[in-house]
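Q: Dropping a structure here in structure tokens format, bear with me for questions.
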Amino acid sequence: MDSNFVFKLLRKLQENVEKSGDVKSIFLPSEEVVSAHSVLLAASCPYFKTLLFGPHYFENEAEVRDITNETVNLVNFNEESKRFFLLFLKYVYKGDIDIGSLSDDELIGVYSLSREFKFPELAHILSNALSSVFLCVENVGKIFDMARRYDLRDLLKRCISFAEINSTEILSNDDVWVKLPYQLVDELFKSDTFYV
Numbered sequence: 001m002d003s004n005f006v007f008k009l010l011r012k013l014q015e016n017v018e019k020s021g022d023v024k025s026i027f028l029p030s031e032e033v034v035s036a037h038s039v040l041l042a043a044s045c046p047y048f049k050t051l052l053f054g055p056h057y058f059e060n061e062a063e064v065r066d067i068t069n070e071t072v073n074l075v076n077f078n079e080e081s082k083r084f085f086l087l088f089l090k091y092v093y094k095g096d097i098d099i100g101s102l103s104d105d106e107l108i109g110v111y112s113l114s115r116e117f118k119f120p121e122l123a124h125i126l127s128n129a130l131s132s133v134f135l136c137v138e139n140v141g142k143i144f145d146m147a148r149r150y151d152l153r154d155l156l157k158r159c160i161s162f163a164e165i166n167s168t169e170i171l172s173n174d175d176v177w178v179k180l181p182y183q184l185v186d187e188l189f190k191s192d193t194f195y196v
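So the sequence shown is numbered by UniProt numbering: it starts at 1 and just counts up by one.
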């Protein structure tokens, strides 16, 4: 099969998703609806395959199947995650993501979704990008927190090393200091190279 044909087909599906999408994601509190195609979502990752075509047990019951028109509503997204979910969908439909155009928050958010949705291909791409992300005083806390949550050990070490080297600047910036994850502060105080 011609890969050009496949990309054209996916582009047409994406362009007509509002009319033909059978999965609706609702972002609260605005209740904005984003549509997608269940077959593409299910083919892309196990989370959606189970959600859309497998056992439907979820503790928070946010996912509801509407029997009358077979539309699946996902009501477990907030406004902040909408941006990340749209980037995730863009990857599902296009098979590509422009890493260079993503902010730190977008990298973290889309990476978290790719892990939550069990989408290893996208998680791998974003993990590579995160491993070389530019660390600064303002982002080291949130990147450390994400690296700890997903056990990205090399990135954890980079964050700890950066925080140790830049400890004076971190301590003198109250906005940064109060937002540092407890675990990073603990690592800093245990370090032999951390001086106050």
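A virtual CB, placed ideally from N, CA and C, is assigned to each residue, including glycine.
Go ahead and pull the three-state DSSP assignment for Ser35.
A: strand
Q: I think Ala129 touches Ile99, with their Cβ atoms under 8 Å apart; what is that distance to the nearest whole Å?
A: Contact flag correct, Cβ pair sits at about 5 Å.
Q: For the ligand GDP, is there a heavy atom less than 7 Å away from the beta-carbon of Val33?
A: Although the ligand GDP was asked about, the structure shown includes no ligands whatsoever.
Q: Helix, strand or coil: how does DSSP classify Phe144 here?
A: helix
Q: Considering only the alpha carbon of each residue, which of Arg153, Arg149, Asn166 and Ala42 lies closest to residue 240?
A: Since the displayed the chain opens at 1 and closes at 196, residue 240 lies outside it and no answer follows.
Q: Just reading off the alpha helix (DSSP H) that Ser103 is part of, what are its end residues?
A: Careful: Ser103 lies outside any alpha helix (DSSP H) and carries neither H nor E.
Q: How many Å lie between Leu113 and Tyr91 at the Cα?
A: 12 Å
Q: Kindly give me the distance between the Cβ atoms of Val137 and Asn166, rounded to whole angstroms, as I take these residues to be in contact under 8 Å.
A: Right, their Cβ atoms sit about 6 Å apart.
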